[in-house]
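Protein sequences appear in the order of chains V and H. Residue 191 in UniProt numbering sits at position 191 of the first sequence, with consecutive numbering throughout. Residue 156 in UniProt numbering sits at position 156 of the second sequence, with consecutive numbering throughout. Data block below; observations after.
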Amino acid sequence: MIPSALSQRAGAGFKPEHFAAIIAEPQPVGFFEVHAENYMGAGGPPHAQLGKLREDYGLSIHGVGLSIGSMQPLDRDHLTRLKTVCDRYQPESFSEHLAWSTHDGVFLSDLLPLPYTQETLFRVGEHIDEVQETLGRQMLLENPATYLLFAESTLEETDFLAEIARRTGCGLLLDVNNVFVAAINHNLDPRDYIARFPLEAVREIHLSGHSETVDDLGAPLLIDSHDTPVKDPVWALYETVLGRIGPVASLIEWDNDVPAWPLLRGEAVAAQRLIDAAARQRAA
Amino acid sequence: MPEATQSAFAAGLLKAAPPPAGVMAWNSPSPHRRYSVYRNNVSASLTDALAARFPASERIVGAEFFQAMAEAFIRVHPPRSPLLLIYGDDFPDFAAAFEPAREIVYLADVMRLEAARTRAYHAADAASLDPQALASIKPDRLGDLVFLSHPALSIVSSSHPAATIWAMNAGERPIAPIPDWRGEDALVVRPRMTVEVVPLPPAGASFFGHLAQGRTLAEATGAAMTDDAAFDLSENLAILLRAGAFTATRKDQDDEDRDRA
């Protein structure tokens, strides 16, 4: 099994509208991340662009449609398509979500939450075994941004992720914005979540923006919208994580209201500064 | 039972429904607004996928109308695959039968053109036929030629000026009255990395359609002339070469069998 091996640098989510600006000059990022599903066509500009980027940068392929958290079987056709994309581009990392998106053959195009029980733990573990066997690679599993809870849950999300990593050998993708969003949404302290998280399994971090609204009762409800710069409390939480585990590959995600490339690059440069500071702290 | 939980959770995402039993929040046993965040995400991401695929059509009907039509489509035809790149192949047919859009008679054809453009965008890469290749063929053998379609090729025919209307709403030409309101046919091609819409002259759709089906040049020419006596072979051959609609030629299969015998 090929281990996940992104360099310990900052990266950016690749958007096709940034392609011309990115290839115009060397960029201060270690890697780009793409959504696997956007590269499942037979040919055309998406592959031409990704092939060009791959010549100069590390690559993380991030799936958004595998529905690993489904209690129904994985879509074998989709898994085969993922293998085709990974075989073609040989990414340093492949990751997916602790969530489901397909049910009874209908693709719902959102990362939906699941209860955390012994039964879901078993099924998710089986799915990850199947993914890693098919791809021949270690995958990373990402913690979700959630808006509600399930009465039937018997496990903490952090314990669930730790046990999944232990059983399957997968790595974890710690989305710090998701931690913040979910903690506020469930009236918890995000620092407690980080304290309980199995940080030793983290191979990549995600950073992004969120938006703020309120629930039926007027309590804060944060939405994982990926449409703004990273917010200050998320940067602070990220620094805490870096202080605990040292430098780690860190990606800026910006998927909606996508800005011009220099603004997204600036976010990646800001993350790189914190990675560098963490490296110096380790050396000292 | 988690599978039942997921069934109940999924059931309320494509239509308005209260949160299913067992779903809760720290401050509420029945968090309507929190559950509706997921429903909104599903709706927004699928309508965004359709708007990305049909931008000129959205411009024609306006964002609000497009969204309502997309939501109606999604309820009846939710995606059956995570490949949203090709979601909405049957959206044009749905729009053709969508009562509120009945008066926009050309809408479905513009949508078919846009659907063909996305398929061309993602089609396999292939080198187009080298124009010099035809020059080397003896004139008396030209009629036997069979053309191999480029993977991106499709032909869109409309009894309305759909290609012109598409071009005006895609920013390819200024929006203006169309004095000569007649049917239009077009090739959708992608000889390299840019998708092109190439208007066809009279009976061009018949000619290219027959060639794409593997008929010989002589057969396609005969069929096109039967459809419209004004069919101009040299004009259509020039389009064929310029548009990169085909990748190669081979002689008619019968002919090859004869040569081998």
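Where a beta carbon is used, it is the ideal one built from N, C-alpha and C, also for glycine.
- In the displayed model, Asp215 of chain V falls within coil according to three-state DSSP, outside both helix and strand.
- Neighbours of Gln72 of chain V in chain H, taken as residues at a C-beta separation under 9 Å, are given in chain order as Glu3 and Gln6.
- Leu233 of chain H counts as exposed, since fewer than 16 other C-beta atoms from the protein chains shown sit within 10 angstroms of its C-beta.
- Contacts with chain H at 8 Å (Cβ-Cβ) do not include Ser95 of chain V.
- If you check the CB distance, Pro191 of chain H and Ser128 of chain H come in under 8 Å.
- At a Cβ-Cβ threshold of 8 Å, Tyr57 of chain V and Leu50 of chain V do not count as neighbours.
- In this structure, Ile165 of chain H keeps its C-beta atom at 8 Å or more from the C-beta atom of Thr118 of chain H.
- DSSP places Pro220 of chain V within a strand segment (E or B) once states are collapsed to three.
- Excluding its 5 nearest sequence neighbours in each direction, Leu74 of chain V has C-beta neighbours in its own chain below 8 Å: Leu66, Ser67, Ile68, His127, Glu130 and Val131, listed in chain order.
- For Pro199 of chain H, the secondary structure class from DSSP, reduced to helix, strand or coil, is strand.
- By the Cβ criterion, the stretch 150-160 of chain H is not in contact with the stretch 216-231 of chain H, since fewer than three pairs of Cβ atoms, one from each stretch, lie closer than 8 Å.
- Pro46 of chain V and His122 of chain H have their C-alpha atoms roughly 8 Å apart.
- Bridge pairing for Gly12 of chain H: absent [DSSP].
- In the three-state reduction of the DSSP assignment, Val234 of chain V falls in the helix class.
- Taking 3 residues as the minimum length, the beta strand (DSSP E) runs contained wholly in the stretch 154-182 of chain H are 154-158, in order along the chain.
- Note on the stretch 58-143 of chain V: whole beta strand (DSSP E) runs with a minimum of 3 residues are 58-62, 93-97, 100-103, 106-112 and 139-142, in chain order.
- Taking C-beta separations shorter than 6 Å and ignoring five residues to either side along the sequence, the partners of Val269 of chain V in its chain run Pro28, following chain order.
- Taking a C-beta distance under 8 Å as the contact criterion, Lys52 of chain V and Val258 of chain V do not qualify as a contact pair.
- The beta carbon of Asp90 of chain H does not come within 8 Å of any beta carbon belonging to chain V, so the residue lies off that interface.
- Under the three-state reduction of DSSP, Leu264 of chain V is assigned to helix.
- DSSP, reduced to helix, strand and coil, places Thr146 of chain V outside both helices and strands of the structure shown, so it counts as coil.
- It is roughly 27 Å from the alpha-carbon of His160 of chain H to the alpha-carbon of Asp48 of chain H.
- According to the DSSP secondary-structure assignment, Ser149 of chain H is paired through a beta bridge with H:Phe246.
- In the DSSP annotation of this structure, the continuous segment of the alpha helix (DSSP H) that includes Gly51 of chain V starts and ends at Pro45 to Asp56.
- Within the stretch 65-117 of chain H, no run of beta strand (DSSP E) at least 3 residues long lies entirely inside it.
- In chain H, no part has a C-beta under 8 Å from the C-beta of His226 of chain V; the shortest such distance is about 11 Å.
- Take the alpha-carbon of Leu207 of chain V and the one of Gly246 of chain V: they are about 16 Å apart.
- Assignment of Leu217 of chain H by DSSP, reduced to helix, strand and coil, places it in the helix class.
- Per DSSP, reduced to three states, the secondary structure at Ala224 of chain H is helical.
- For Asp192 of chain V, the enclosing alpha helix (DSSP H) stretches over residues Pro190 to Arg196.
- Ranked by Cα distance from Val146 of chain H, the options H:Phe208, H:Pro131, H:Arg215 and H:Ser158 are led by H:Arg215.
- Residues of chain H with a Cβ closer than 8 Å to the Cβ of Ile223 of chain V are, in chain order, Val37.
- Counting of Cβ neighbours within 10 angstroms places Met139 of chain V among the buried residues, the total reaching 16 or more.
- A residue is called buried once 16 or more other Cβ atoms fall within 10 Å of its Cβ, and Thr84 of chain V, having fewer, is exposed.
- For Leu46 of chain H, no pairing in a beta bridge is given by DSSP.
- Ranked by how close their Cα comes to the Cα of Met1 of chain V, the residues V:Leu222, V:Val241, V:Leu135 and V:Glu156 have V:Leu135 in first place.
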